[in-house]
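Counting from 1, one number per residue, gives the positions in the sequence shown under our numbering. Glycine included, C-beta positions come from ideal geometry on N, C-alpha and C.
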Amino acid sequence: MPSCDIHKVYMNIAYEISKMSYASRLKVGALLVKDNSIISFGYNGMPYGFDNVCETNDVTNPEVLHAESNAVIKICKSTQSSEGASLYVTTSPCFECSKLIIQAGIKNVYYNNLYRNIEGIELLKKANINIFKID
1 MPSCDIHKVY
11 MNIAYEISKM
21 SYASRLKVGA
31 LLVKDNSIIS
41 FGYNGMPYGF
51 DNVCETNDVT
61 NPEVLHAESN
71 AVIKICKSTQ
81 SSEGASLYVT
91 TSPCFECSKL
101 IIQAGIKNVY
111 YNNLYRNIEG
121 IELLKKANIN
131 IFKID
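Encoded structure:
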């Protein structure tokens, strides 16, 4: 059986999910994994029932939900639990999403690109969540 880096495989899936986003400035994908099974996913976009227009005049609309929050919201609406899960996200979480990650009981966060500020990463470290950058 060929060996592979499972973290890179999951990150590649997160990138595939990001392609579903209607955002034009930055497409982000997130994947929640627990016990080697994908339990949820999300991408950045507008709430249900809204037009899929994420930016106005090259500025992100305030209604846009981030990929991480969409993945956490989906798990909350299911019979699954995110307690102890790992999150794979194409761009590191912002401060607000980091609060959701902490409350959701997620223990590991893997990301590829750094968000425009590191407040989210700093909050996750403060909460003793394992953070890994995947190249």
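Neighbour-count burial assignment, residue i, 16 or more Cβ in a 10 Å radius
i	result
Glu63	exposed
Pro93	buried
Val9	exposed
Met1	Its pLDDT being 41, under 50, Met1 is placed unreliably by the model, and the measurement read from it follows with that caveat. Per the 10 Å Cβ criterion, exposed.
Thr129	A quick correction: the sequence has Ile, not Thr, at residue 129. Flag for Ile129 reads buried.
Reference residue i, options the options, closest by Cα
i	options	result
Ala127	Lys133, Glu119 and Lys74	Glu119
Ser86	Ile73, Tyr48 and Val109	Val109
Gly84	Thr90, Ile75, Ser92 and Thr91	Ile75
Ile121	Met20, Asn70, Cys97 and Ser82	Cys97
Lys133	Asn117, Tyr48 and Tyr111	Tyr111
Val89	Ile101, Ser81 and Asn61	Ile101
Lys77	Arg116, Ser40, Thr60 and Ala30	Ser40
Whole-angstrom distance between residue j and residue i, CA atom to CA atom
i	j	result
Glu55	Asn36	35 Å
Leu114	Cys4	24 Å
Ala145	His66	Only positions 1 to 135 of the chain appear in this structure, which leaves residue 145 out of reach.
Tyr43	Val28	6 Å
Leu32	Asn52	23 Å
Lys125	Asp58	32 Å
Leu26	Ile131	22 Å
Asn19	Gly45	In the sequence under discussion, the amino acid at residue 19 is Lys, which differs from the Asn named in the question. Roughly 11 Å separates the two Cα atoms.
Residues that DSSP places opposite residue i in a beta bridge
i	result
Thr56	Val59
Ser21	In DSSP, Ser21 forms no bridge with anything.
Ile131	Val109
Ile38	Val33
Span of the alpha helix (DSSP H) around residue i
i	result
Leu114	It is not in any alpha helix (DSSP H) - Leu114 carries neither H nor E in the DSSP assignment.
Leu31	Not the alpha helix (DSSP H): Leu31 falls in the beta strand (DSSP E), residues Gly29 to Lys34.
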